[in-house]
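Only one structure is covered here, and it is reproduced in the block below.
Numbering (my numbering), first residue to last: 344 to 603.
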């Protein structure tokens with residue numbers, strides 16, 4: 344294996360190199376496993392909140408949306424009141440806070456915080472079950488899963504150094520956030536389609552970049568055997584790939600989704 348050869352080249356040989364190589368596979372499995380649980384929590388929370396937010400009984404409705412959907416008091420609070428702006432930005436603030444405090448948390452606590460973040464994200468994106476048809480959500484999720492798996496696999500096995508992509512992709516995401524906010528507040532969403540297309544490309548690149556970075560970070564630190572640090576690194580890796588998947592899915596939904 345390429346990573347096994349790389350370890351031997353740095354002076355780590357024999358049984359220890361084999362242990363690190365095996366540890367890498369376990370590390371990546373933990374990353375993907377944690378990410379998958381986070382995804383399950385997100386979509387379960389989104390589905391549950393959307394279900395509690397709509398009603399077919401006019402006597403229980405507080406607000407009727409343009410597409411005819413009847414909202415309960417919970418739905419009105421989440422989707423039509425100023426609270427919707429707090430829910431929109433809550434995941435972003437949560438991520439920044441989590442990243443800033445990760446070194447002060449134990450690996451177990453960091454995992455709990457990640458799952459809490461996944462639940463918050465579920466509430467934030469729950470409107471997809473009101474805006475888009477269930478079939479288009481399912482088909483877009485499948486397309487995203489296939490694309491994500493392919494890109495992540497390529498990022499893991501490629502010999503191409505993707506580290507140079509980091510700055511470009513990071514600046515691209517910052518620009519994407521700014522463009523999205525400007526589009527919402529000043530153009531009423533008129534440029535949603537081109538922004539979504541750019542978003543898909545950016546997070547496709549980030550999927551490959553983050554996967555390689557997770558792998559390389561493990562190989563650089565595994566020789567020290569700090570299991571607590573590696574545990575937290577797995578959580579952060581899961582968070583990065585989770586964000587890549589969620590954002591790619593949301594942008595693809597803008598492009599491919601059929602509205603109710």
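The C-beta atom is built at its ideal place from N, Cα and C for all residues, glycine as well.
Since this is a predicted model, take the numbers as computed values, not measurements.
Sub-7 Å separation of residue 370 and residue 561 beta-carbons = Stepping through the chain shown from its first residue, residue 370 is reached at position 27. Stepping through the chain shown from its first residue, residue 561 is reached at position 218. The answer is yes: Cβ separation under 7 Å.
Runs of beta strand (DSSP E) lying entirely within the stretch 517-559, each at least 3 residues, in chain order | Here no run is fully enclosed.
For my contact list, residue 463 and residue 437 are in at a C-beta cut-off of 8 Å; report their separation, rounded to the angstrom.
-> As a first step, residue 463 must be located in the chain shown, where it is residue number 120. As a first step, residue 437 must be located in the chain shown, where it is residue number 94. About 6 Å; that satisfies the 8 Å criterion.
Report buried or exposed for residue 381, applying the criterion of at least 16 other Cβ atoms within 10 angstroms of its Cβ.
-> Residue mapping note: residue 381 aligns to position 38 of the chain shown, counting from 1. Per the 10 Å Cβ criterion, buried.
How about residue 519 and residue 542: are their beta carbons less than 7 Å apart?
-> By 1-based counting over the chain shown, the position of residue 519 is 176. By 1-based counting over the chain shown, the position of residue 542 is 199. Yes, they are a contact pair.
Where the alpha helix (DSSP H) containing residue 419 begins and where it ends = Residue numbering aside, residue 419 sits at position 76 when the chain shown is read from its first letter. For residue 419, the enclosing alpha helix (DSSP H) starts and ends at 416-422.
Can at least three beta-carbon pairs, one atom from the stretch 484-493 and one from the stretch 444-460, be found at a separation below 8 Å?
-> Result no; under three Cβ-Cβ pairs closer than 8 Å.
Have a look at 470, 378, 480, 530 and flag the residue whose alpha-carbon is nearest the alpha-carbon of residue 587.
-> The residue you call residue 587 lines up with position 244 of the chain shown. The shortest C-alpha separation from residue 587 is found at 378.
Where residue 344 falls, given that 16 or more other Cβ within 10 Å makes a residue buried | Looking up residue 344 in the chain shown gives position 1. Note that residue 344 scores 46 on pLDDT, short of 50, meaning its location in the model is unreliable; the coordinates nonetheless yield the value given after this. By the beta-carbon neighbour count (other beta carbons within 10 angstroms, threshold 16), residue 344 is exposed.
Just mark residue 493 as buried or exposed, buried being the case when its beta carbon has 16 or more other beta carbons within 10 Å.
-> Locating residue 493 in the chain shown gives position 150, where the first residue counts as 1. Exposed, by the Cβ-count rule.
Would residue 565 pass as a contact of residue 363 if the rule is Cβ separation under 7 Å?
-> Here residue 565 refers to the residue found at position 222 of the chain shown. Here residue 363 refers to the residue found at position 20 of the chain shown. A contact, by the Cβ cut-off of 7 Å.
Considering only residues of the stretch 407-463, which uninterrupted beta strand (DSSP E) runs meet the minimum length of 3 residues and lie entirely inside it, listed in chain order?
-> DSSP runs (the beta strand (DSSP E)) wholly in the stretch 407-463: none.
Count the other C-beta atoms from every protein chain shown that fall within 10 angstroms of the C-beta of residue 374, then say buried if there are 16 or more, exposed otherwise.
-> The sequence position of residue 374 within the chain shown is 31, counting from 1. Per the 10 Å Cβ criterion, buried.
Given 8 Å as the limit, is there contact between the stretch 531-546 and the stretch 581-596, that is, 3 or more CB pairs closer than that?
-> Contact holds: three or more Cβ-Cβ distances are below 8 Å.
Mind checking who residue 474 pairs with in its DSSP beta bridge?
-> As a first step, residue 474 must be located in the chain shown, where it is residue number 131. The beta-bridge partner set that DSSP reports for residue 474 is empty.
When the Cα of residue 430 is compared with those of 555, 443, 468, which residue comes out closest?
-> Against the chain shown, residue 430 aligns to sequence position 87. When each option's Cα is compared against that of residue 430, the closest is 468.
Counting along the chain, where does the alpha helix (DSSP H) carrying residue 575 start and finish?
-> As a working mapping, residue 575 is identified with position 232 in the chain shown. Per DSSP, residue 575 belongs to the alpha helix (DSSP H) from 570-599.
Determine the direct distance from the alpha carbon of residue 403 to that of residue 515, and round the result to whole angstroms.
-> Your numbering for residue 515 matches position 172 in the chain shown. Your numbering for residue 403 matches position 60 in the chain shown. Computed Cα separation, rounded: 44 Å.
Closest by CA to residue 584, which one among 506, 401, 556, 388?
-> Indexing the chain shown from 1 puts residue 584 at position 241. Among 506, 401, 556, 388, the Cα nearest to that of residue 584 is on 556.
Residues of its chain near residue 599, where Cβ-Cβ distance is below 6 Å and the 5 sequence neighbours each way are ignored = As a first step, residue 599 must be located in the chain shown, where it is residue number 256. Hits under 6 Å: 483.
Kindly give me the distance between the Cβ atoms of residue 389 and residue 471, rounded to whole angstroms, as I take these residues to be in contact under 8 Å.
-> Position 46 of the chain shown, counting from 1, holds the residue named residue 389. Position 128 of the chain shown, counting from 1, holds the residue named residue 471. So it is a contact: roughly 7 Å between Cβ atoms.
Closest by CA to residue 574, which one among 559, 452, 495?
-> Start at 1 with the first residue of the chain shown, and residue 574 comes out as number 231. Residue 574 has its Cα closest to that of 452, out of 559, 452, 495.
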